[in-house]
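First to last, the sequence lines map onto chains B, V, E and R. The opening residue of the first sequence carries number 46 in my numbering; numbering runs sequentially from there. The opening residue of the second sequence carries number 46 in my numbering; numbering runs sequentially from there. The opening residue of the third sequence carries number 15 in my numbering; numbering runs sequentially from there. The opening residue of the fourth sequence carries number 15 in my numbering; numbering runs sequentially from there. To start, the structure itself, in structure tokens.
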Amino acid sequence: MLVISQISKRYGDSPALASTDLQVSTGETLVLIGPSGCGKSTLLRLIAGLIQPDAGSITFEGSQLSSENIFQIRQRMGYVIQEGGLFPHLSVRDNVTVMARYLRRDARWIDSRLNELTQLVQLPAEMLKRFPAELSGGQRQRVSLMRALMLEPDLLLLDEPLGALDPMIRYELQQELKAIFSQLCKTVIMVTHDIAEAAFFGQTLVLMRDGHIIQAGPFKELAQTPAEPFVERFISAQREPMAQLIEALK
Amino acid sequence: MLVISQISKRYGDSPALASTDLQVSTGETLVLIGPSGCGKSTLLRLIAGLIQPDAGSITFEGSQLSSENIFQIRQRMGYVIQEGGLFPHLSVRDNVTVMARYLRRDARWIDSRLNELTQLVQLPAEMLKRFPAELSGGQRQRVSLMRALMLEPDLLLLDEPLGALDPMIRYELQQELKAIFSQLCKTVIMVTHDIAEAAFFGQTLVLMRDGHIIQAGPFKELAQTPAEPFVERFISAQREPMAQLIEALK
Amino acid sequence: MITKQRIGVVLLGFFALLISTVSSIVAGTEKPLSITVGSKAFTESVILGEMLKHLAGQTGIATHHQRELGGSRVLWNALLSGEIDAYPEYNGTLLQEILVKENLKTEAELKQALTERGLRMTTPLGFNNTYALGMKAELAERFKIHTISDLKNHPEFVLGFSNEFMDRADGWPGLQQRYQLPQKKVRGLDHNLAYRGINSGSLQAIDLYATDAEIAYYKLRTLEDDLNYFPVYNAVILYRADLEQRAPEVVVMFNQLAGSIDALTMSKMNFQVKQNNEPESTVAAGFLQQTLNMDVDYQVQTVWQRFVKHSGEHLLLVGISLSAAIIFAVPLGILAAHNERLGSIVLSVAGIVQTIPALALFVFMIPLLGIGGPPAIMALFLYSLLPIIRNTYAGIKDIPPAIIESAQALGLPSRARLRIVELPLATRAILAGIKTSAVINVGTASLSALIGAGGYGQPILTGIRLDNIGLILEGAIPAAVLALLVQALFELIERGLLPKGLRIKALGAR
Amino acid sequence: MITKQRIGVVLLGFFALLISTVSSIVAGTEKPLSITVGSKAFTESVILGEMLKHLAGQTGIATHHQRELGGSRVLWNALLSGEIDAYPEYNGTLLQEILVKENLKTEAELKQALTERGLRMTTPLGFNNTYALGMKAELAERFKIHTISDLKNHPEFVLGFSNEFMDRADGWPGLQQRYQLPQKKVRGLDHNLAYRGINSGSLQAIDLYATDAEIAYYKLRTLEDDLNYFPVYNAVILYRADLEQRAPEVVVMFNQLAGSIDALTMSKMNFQVKQNNEPESTVAAGFLQQTLNMDVDYQVQTVWQRFVKHSGEHLLLVGISLSAAIIFAVPLGILAAHNERLGSIVLSVAGIVQTIPALALFVFMIPLLGIGGPPAIMALFLYSLLPIIRNTYAGIKDIPPAIIESAQALGLPSRARLRIVELPLATRAILAGIKTSAVINVGTASLSALIGAGGYGQPILTGIRLDNIGLILEGAIPAAVLALLVQALFELIERGLLPKGLRIKALGAR
Ligand SMILES: Nc1ncnc2c1ncn2[C@@H]1O[C@H](COP(=O)(O)OP(=O)(O)OP(=O)(O)O)[C@@H](O)[C@H]1O
Ligand SMILES: Nc1ncnc2c1ncn2[C@@H]1O[C@H](COP(=O)(O)OP(=O)(O)OP(=O)(O)O)[C@@H](O)[C@H]1O
Ligand SMILES: [Mg+2]
Ligand SMILES: [Mg+2]
């Protein structure tokens with residue numbers, strides 16, 4: 046579905062992404078993990094065509110990304126931006142449905158889809174008419190997720206989509222999303238800082254550092270045969286507090 | 046240090062915070078947890094005087110918050126806003142030091158403090174001259190934290206201060222911050238969605254729902270004698286994925 | 015890129031449309047026959063001008079009256095160039111001022127001189143508006159005084175003269191000499207006081223103009239200048255000779271006035287306008303009805319109606335030019351924001367246009383668009399562009415890049431992004447530019463009266479010329495109110511257009 | 015609240031300061047003695063005006079020359095009201111035009127009439143600028159022709175007359191009758207062609223004005239009007255009688271000109287200016303040196319110097335008024351943004367001010383600030399406020415509330431918040447307003463010439479009056495260039511002021 050080859054990107058003289066290869070096949074969920082500033086978001090933005098690579102190419106279902114086909118392709122992508130990126134001047138409803146309305150989707154279809162998503166992310170229905178500035182942080186994040194899912198895109202780019210949610214909703218959403226992804230055979234690239242979440246979602250985990258891919262593979266592989274000591278340290282950074290917690294909860 | 050009594054807040058006709066009492070004594074770290082939209086950020090904004098309560102009062106070291114003394118008091122508070130709230134037109138250095146320079150602190154003192162904080166949050170020094178738009182999400186969050194800590198405030202209001210950080214840095218920062226808080230006897234009110242983090246920091250955990258405080262007390266108390274079934278469900282929502290993770294890591 | 019070119023083409027098309035619309039307004043359908051009469055900026059002339067308008071109107075031809083033009087020269091030149099077809103004049107003015115170099119002596123010579131210039135004049139209308147001496151009619155009757163010579167028998171009379179008349183060699187000194195008048199009690203005093211004096215009986219004779227409104231009011235008799243001391247200022251109608259081909263029926267109408275207005279009638283009409291505040295149009299129509307038994311279908315121009323007329327003109331000027339400016343400037347501002355190079359060119363050109371003084375712009379535009387509404391609208395349009403273009407540009411540039419990126423990520427093509435995201439977010443800035451433009455436009459529209467486009471500038475300019483603060487305010491106040499209304503209108507539009515999400519304030523800013 | 019009041023007080027103080035500064039510029043130190051001479055808008059008059067200026071300057075008194083005023087009436091009235099102290103005039107103009115109603119016959123009568131009005135005139139300067147007939151000097155010498163009567167002996171001569179002279183009763187027809195001239199070959203033709211014709215020998219005599227520049231150029235002889243057919247237009251200096259008390263030495267100087275300029279000399283001077291493009295000032299100074307042996311310390315006004323002078327005036331007008339406008343408007347905009355009620359008042363008042371037409375504003379301001387720079391600067395200042403106020407307002411309102419909140423949370427007091435956060439973030443909007451204001455200011459400053467403040471409006475207005483596109487462009491082009499420069503200047507300032515963080519673009523917008 047998506048083939049990324051030899052792609053690299055620098056900002057001024059600081060490299061954000063070294064020459065990188067990556068392939069994602071249809072229906073696969075790929076999870077990007079890595080230290081802050083290692084280039085995860087940069088990679089997603091390159092795939093969405095928001096920034097131009099310095100070198101290399103990205104191929105989406107056989108056709109290479111270019112300024113001609115990018116609008117076409119973006120409409121088949123859903124992207125949850127790290128900062129949310131909601132339009133301040135549009136209500137929640139309009140934020141979520143703006144693209145569907147632009148594409149003149151059937152109004153009833155839009156309504157029922159909106160309903161579905163509102164239930165999925167557990168957003169109280171009366172919030173649909175509010176503006177982003179009138180929402181809490183977690184509510185905003187859920188609206189971003191709704192917007193990305195609205196048009197049932199084939200490819201989902203999710204940049205820390207659940208980071209601002211409380212553990213209960215987060216757990217429930219994880220379950221639901223995973224079910225949706227596999228039922229509807231979605232291709233997903235997700236960034237998360239929660240190793241448990243990464244393990245839960247990811248058929249493939251990609252661990253990056255300083256713009257390089259250090260290791261890619263199933264969670265088991267990273268955990269059991271780490272390519273570097275760094276991989277082990279990173280994967281198990283959460284172990285100690287969790288162990289303490291589980292201990293305390295017993 | 047901080048006495049909150051009978052305070053409540055509604056937006057239009059939707060209540061964000063029901064009548065609430067809370068006391069925080071000097072040196073205490075209080076952690077607010079609860080579902081998305083339950084009023085955690087609202088409570089912090091009331092304490093910082095960014096919004097006016099509909100009823101009730103807040104007393105900071107014996108003097109009640111009012112429009113006369115709020116500027117005074119704010120300079121003794123450090124606030125990490127949930128959205129970061131960095132000034133887009135100022136470089137990282139200027140964002141962090143703006144208040145110190147406004148108060149005409151000694152330039153050398155500012156420099157050394159900046160250095161200290163940069164090391165604390167593990168921000169590469171060359172990023173100091175960048176603008177917020179040129180940072181990754183986690184880097185921005187660390188800058189917000191630096192800005193809040195800059196003037197060594199007595200009271201820290203931290204709204205999900207580590208939510209966008211990778212587990213390694215997050216773990217290290219947790220350790221360091223906790224050490225700083227207890228060494229310098231800081232009073233801290235922190236919001237987090239990570240129960241492990243809450244348990245780690247919090248002498249007192251305050252669990253909220255729909256604008257009400259459901260239960261307040263040490264983690265052990267909430268875990269062992271939950272006031273409601275909801276408390277138990279909330280506290281243990283993270284248990285399952287973690288257990289899986291720890292299992293996998295073995 | 016393709017999109018930008020297309021926008022360019024659309025803009026050019028718009029421009030072509032505007033120009034052609036405007037010029038078709040100017041050209042009309044091959045200039046249908048219409049008559050324009052003029053008048054000078056004083057009551058008597060305006061009344062006569064209204065008569066001409068009514069008379070020409072009787073033939074069914076569309077007639078326009080350019081009231082209160084600035085002085086004999088302006089009217090003379092306007093007549094020569096065909097801007098107006100006729101106006102009331104005094105033969106004395108022609109002989110002593112306008113054609114003074116010709117040294118014309120006789121009526122025939124004057125007619126000849128006019129013919130050489132393609133002009134004609136009617137036979138005199140009947141009154142001679144020159145200096146005269148006046149007495150209470152009653153008193154004159156008692157002493158049987160009809161001519162100035164008759165005064166010689168009354169050395170006891172007290173005479174009151176305006177200071178000017180006292181001093182001028184062709185005033186009292188000459189008069190006294192010519193008629194050998196014996197009066198010794200001669201007072202120089204203010205003209206208005208003189209009227210009071212003669213009314214109260216403390217003066218027996220005063221100087222006046224033969225058609226002064228007060229003659230009728232105070233029931234005075236003007237004494238015949240039996241030795242022809244005062245120069246003759248017979249009123250006539252001057253018109254273009256070609257009118258006899260173009261609209262002979264109008265000339266016939268004009269000639270009906272000949273010999274039909276005597277000085278007292280004219281004085282009465284002046285009185286009706288000046289003292290009774292009757293509109294010139296009504297007075298003129300009344301005269302035509304009484305004297306020529308003509309039923310005139312006219313429109314009275316009360317202050318209120320003048321106000322309505324000026325408001326209409328002003329609104330039209332502002333409405334068309336501002337709408338056109340918005341239609342052009344917003345896209346130009348968008349273009350400028352999206353393409354730096356093009357942007358600096360657009361902003362420079364708009365800036366240069368803005369520096370051209372209105373007067374110069376009018377001069378350049380008259381050959382293209384003539385006088386009246388179209389060149390004024392064009393100028394106002396050009397002056398309204400810059401604030402809107404610049405603010406549209408700044409407003410779009412000020413949108414946080416994260417929001418633009420998020421719109422791109424959604425897959426909105428650039429045109430949709432503009433409509434759905436950029437323009438709404440730039441609304442406040444764009445509307446600020448439009449409001450500024452609107453106010454400047456309302457103000458500048460007042461200058462349009464300079465090229466005959468009417469509007470509130472008309473009374474302002476007349477007021478400035480006549481040094482009449484009242485008249486200035488008659489234009490200035492509505493203009494200011496209009497500016498406020500236009501601002502309020504856009505405030506309302508802003509309330510509708512400015513996305514509600516952008517009106518949420520920083521809470522509890524303190 | 016306290017802060018806002020304090021800002022208000024500071025603003026009021028500023029205003030008071032500005033007004034007092036401006037009026038002290040006007041009033042000066044008790045009006046020191048200075049002389050203003052005037053001239054009409056044609057070469058000969060300007061040369062004579064320059065002479066007067068040089069002459070008065072010789073006495074050490076500050077002298078100013080109001081060049082190219084609009085017509086005899088304007089100068090006459092300016093002299094009567096004391097706006098100018100002297101100007102060159104022709105006695106013919108006085109007798110036939112200005113004082114025509116007085117029916118003056120003799121020089122003594124004219125002097126009397128002038129004295130009555132508080133005026134004096136010098137004895138004639140020596141030349142009579144009336145119609146005349148001219149011949150090639152060589153030819154005239156050959157046939158010994160000195161007077162018009164001498165032409166009677168040469169019926170074979172071909173005469174060429176301007177069309178006007180041919181047609182006017184007081185032109186050729188009257189001349190022929192008076193002198194009984196026998197020539198049959200008389201051609202009507204363009205005046206310039208007539209000169210060519212006489213030079214090439216195809217014409218033997220033509221009509222001309224006695225001081226035409228071409229007389230010197232083509233070496234012509236003007237024939238004496240021995241039967242006094244043409245009216246006399248002797249040049250004189252008119253001046254105010256009170257000058258004899260105020261500055262008798264200046265009157266003495268003026269009188270030195272009497273009888274010292276003959277027609278040929280004047281023609282030569284006209285020639286120097288018109289054909290050789292020498293500045294009027296130089297020519298006048300050269301004459302004074304040669305004739306009166308006077309060493310004049312004068313400044314030549316080349317096109318370049320005029321440009322420099324106008325640029326200086328224009329820059330001063332724009333610089334002061336725009337700076338003042340920025341100093342006032344930005345705080346007013348801030349005030350408006352922070353206080354809705356006050357805001358709508360401020361914006362309304364600024365809007366109303368903007369609708370007052372410049373002409374009316376000048377009329378209102380002349381009693382307060384006189385004429386010249388100060389009222390112009392005041393008007394420009396007022397006109398520059400609105401765009402800046404409104405954009406400052408919109409710019410501050412457009413700052414995302416989250417950023418304001420974050421500044422509050424930091425503990426920045428509102429004044430510091432304004433300086434550190436709000437103003438930097440509103441920079442682009444504010445500068446857009448300032449740029450718009452600057453351009454409008456540069457354009458409107460051209461109108462200031464109407465009240466004698468100079469600037470690029472001077473040549474533009476002269477050009478409009480004289481229908482001279484070249485002159486219009488001499489003002490319009492520098493004004494346009496200045497607008498571009500001012501825009502570029504603020505572009506540069508923007509580069510310095512606009513925070514770099516706001517210039518990071520949405521990456522790869524496509
Ligand atoms: N516009 C920019 N100019 C300069 N450097 C940039 C810019 N945007 C990103 N960077 C740098 O590129 C690197 C990669 O950024 P990226 O946003 O991809 O990190 P990330 O992996 O998403 O981090 P996080 O987990 O903190 O979100 C970072 O070091 C960041 O500072
Ligand atoms: N300006 C506003 N207008 C209307 N409702 C608001 C506004 N701000 C917040 N709310 C509502 O108040 C409630 C409490 O919001 P708050 O931000 O305190 O939640 P929170 O506990 O911080 O949630 P989260 O964990 O998602 O950040 C939410 O339901 C939110 O939708
Ligand atoms: Mg990121
Ligand atoms: Mg929150």
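Yeah, the Cβ is synthetic: ideal placement off N, Cα and C, and Gly gets one too.
In the three-state DSSP reduction, residue 272 of chain E falls in the coil class, being neither helix nor strand. A contact is defined here as three or more CB-CB pairs under 8 Å, and the segment 90-99 of chain B fails this definition with respect to the segment 165-180 of chain B.
DSSP places residue 425 of chain R outside any beta strand (DSSP E), giving it a letter other than H or E.
Boundaries cannot be given for residue 108 of chain R, as no beta strand (DSSP E) includes it and DSSP labels it neither H nor E. Along the segment 424-450 of chain E, going in chain order, the ones with a CB nearer than 7 Å to a CB of chain B are 424, 425, 426, 427, 430, 434, 435, 438, 439. The beta carbon of residue 152 of chain R lies closer than 8 Å to those of 233 in the same chain, with the five residues before and after it left out. In terms of Cβ geometry, residue 148 of chain E and residue 175 of chain E do not form a close pair [threshold 9 Å]. Taking 9 Å as the threshold, the shortest C-beta distance from residue 97 of chain V to chain R does not fall below it. According to DSSP, residue pairing for residue 103 of chain R in a beta bridge involves R:250. Taken from the Cβ of residue 188 of chain V, every heavy atom of ligand 3 lies 8 Å or farther away. Within the segment 394-464 of chain R, the complete alpha helix (DSSP H) segments of 4 residues or longer fall at 415-424, 428-431, 437-459, listed in chain order.
Secondary structure note for residue 68 of chain V: its beta strand (DSSP E) is the uninterrupted segment 59-69. Taking 8 Å as the cut-off, the C-beta of residue 76 of chain B does not count as close to any heavy atom of ligand 3. By alpha-carbon distance to residue 390 of chain R, the top candidate from R:410, R:345, R:471 is R:471. The Cβ atoms of residue 122 of chain B and residue 58 of chain B lie no closer than 9 Å to each other. Within the segment 394-409 of chain E, 400, 401, 404, 405, 407, 408, 409 place their CB atoms closer than 8 Å to a CB of chain R, listed in sequence order. Of the candidates R:179, R:169, R:214, the residue whose Cα lies closest to the Cα of residue 197 of chain R is R:169. For residue 102 of chain B, the uninterrupted beta strand (DSSP E) segment begins and ends at 100-105. Between the segment 434-445 of chain E and the segment 502-519 of chain E there are three or more inter-stretch CB-CB distances shorter than 8 Å, so the stretches are counted as touching.
Using beta-carbon distances, residue 128 of chain B counts as an interface residue toward chain E, with a partner under 9 Å. Listed along the chain, the chain E residues whose CB falls inside 8 Å of the CB of residue 120 of chain B are 425. Around residue 277 of chain E, the same chain offers 141, 224, 225 as residues with beta carbons nearer than 6 Å, after the five sequence neighbours per side are excluded. For residue 122 of chain V, the pairing in a beta bridge is given by DSSP as V:200. Partner residues in the beta bridge of residue 223 of chain R, as assigned by DSSP, are R:145. With respect to chain R, the C-beta atom of residue 135 of chain V has a partner C-beta closer than 9 Å. Among the CB atoms of chain E, none fall inside 9 Å of the CB of residue 143 of chain R. In this structure, residue 87 of chain B keeps its C-beta atom at 9 Å or more from the C-beta atom of residue 233 of chain B.
Secondary structure at residue 205 of chain E: helix, using DSSP grouped into helix, strand and coil.
For the segment 165-182 of chain B, the residues whose beta carbon sits under 8 Å from a beta carbon of chain E are, in order, 176, 177, 178, 179. Cβ atoms of residue 324 of chain E and residue 473 of chain E come within 8 Å of each other, at about 7 Å.
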